[in-house]
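Residue numbers (our numbering): 6 to 291.
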C-alpha cells in the first residue's frame, strides 16, 4: 500500500468539490459504482519469477473474463489450505515470498489475482474483486485435492477487508479467517491519509458496497486471527484494534512489529504456531 499515499493525494484533491456540494445529500445515498473506486487498486501486469514449485490455475468469471490463481503446494500432505487475497498493489507473484514460510511449514496456499492483476483480464472494482474472490473460494472448495481439509481465508491489507466480507457470506464453509494489516473500510483508508479537517466529510463521501468493520461484527462462529503491526504506516494500528473489538468470539489478536505485511518474514515461526493453533481450534469445534 505504499502507492496508496500517492493515490490518496490525488483522491483528496479530486473530492474537494464533491465535499463542498455533497455534504448534505451524499450521506443519504446508497453506494453506487464510481470511477473513483479504481483509485484504490494498483494492479501490476508483469510477473516476478516464482522460485518455488507452483501450479497455474485458471478461472472463468460469469462475464467471460479469465482469472489467474497460483497454487503453492507443500512438500507433503497439507495441514490445511489457505486462499490468499492479496493487497491493492502488485500481483500474486509478489506475494509468494510472504506465503513461502507457510508453505514450508506444510500449508497449501492459493493466491488469487483479481481481474486486472497479473495475467487476469479486466479491470478491478469494489464489487468485482469480491465476486472474483467468491469464484476462487468456490473453485478451491470444489477441488478433489482439497476435499476434507480445513480451508481458511488469508487476507492481506485491502484483501483483508475482502476476506472478512467473504467470510461473512460463507460462514459455515470455512475453517477460519486470518488477516494481516486489514483495511477496516474504504472511507477509513481515505481519512487516515488525509488532513484532519477533511476526515469527517470523507467519511460521508467515500463509500463502498461492504465494510470490514461492519462485516466482522456479523461473523459469529468462524475462528478469527487478526494480525496488526504497531509500526504499520499504511493501516493504522488502531484500525486493527477496532476490527478486533467489533469481532465476535472465537477471536484472537496478535500485535506484531515491522512494516506493513512483514509478518511472515519477520515472525515466520510464530506465525506458523498461531496458524497451527487456529487450525486445531477449527478441527476441535467441528
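Every residue, glycine too, gets a C-beta built ideally from N, C-alpha and C. A quick note: this is a predicted structure, and the numbers were derived from the prediction, not measured.
(message) Is it the case that the region 222-229 contacts the region 186-206, given that we only count it when at least three CB pairs across the two stretches are under 8 angstroms?
(response) no
(request) Jot down the residue ranges of each uninterrupted beta strand (DSSP E) in the region 160-199, minimum 3 residues, whole runs only, in chain order. (result) 181-185
(request) Identify every residue that forms a DSSP beta bridge with residue 144. (result) According to DSSP, residue 144 bridges with nothing at all.
(message) If the criterion is Cβ atoms closer than 9 angstroms, does the pair residue 79 and residue 59 meet it?
(response) no
(message) On the DSSP letters alone, give me the boundaries of the alpha helix (DSSP H) that residue 270 sits inside.
(response) 268-271
(message) Just to confirm my understanding: we take residue 130, look at its own chain, exclude 5 residues before and 5 after, and list those with CB closer than 7 angstroms. What are they?
(response) 38, 42, 43
(message) Can you tell me whether residue 221 is helix, strand or coil according to DSSP?
(response) helix
(message) Do residue 92 and residue 161 have their beta-carbon atoms positioned less than 9 angstroms apart in this structure?
(response) yes
(message) Could you compute how far the alpha carbon of residue 167 sits from the alpha carbon of residue 84?
(response) 24 angstroms
(message) The alpha helix (DSSP H) that contains residue 256, what's its start and end?
(response) It is not in any alpha helix (DSSP H) - residue 256 instead sits in the beta strand (DSSP E) that spans 256-261.
(request) Over the uninterrupted beta strand (DSSP E) stretch that includes residue 242, give me the two end residues. (result) Taken as a continuous stretch (DSSP letters only), residue 242 belongs to no beta strand (DSSP E), being part of the alpha helix (DSSP H) at 242-251.
(request) Pull up the distance between the alpha-carbon of residue 279 and that of residue 115, whole angstroms please. (result) 19 angstroms
(request) Report yes or no: do three or more beta-carbon pairs, one from the region 203-215 and one from the region 244-263, lie closer than 8 angstroms? (result) no
(message) the ligand PLP and residue 66: does the residue's C-beta get closer than 8 angstroms to at least one heavy atom of that ligand?
(response) You won't find the ligand PLP in this model; it holds no ligand whatsoever.
(message) Within 8 angstroms, do at least three Cβ pairs link the region 97-109 to the region 145-156?
(response) no
(request) Determine the DSSP secondary structure at residue 52, reduced to helix, strand or coil. (result) coil
(message) What does the Cβ neighbour count give for residue 235, buried or exposed, with the cut at 16 atoms within 10 Å?
(response) exposed
(request) Could you check the C-alpha separation between residue 95 and residue 183 for me, to the nearest Å? (result) 20 angstroms
(request) Could you give the DSSP three-state label for residue 202: helix, strand or coil? (result) helix
(message) Less than 9 angstroms between the beta carbons of residue 123 and residue 188, yes or no?
(response) no
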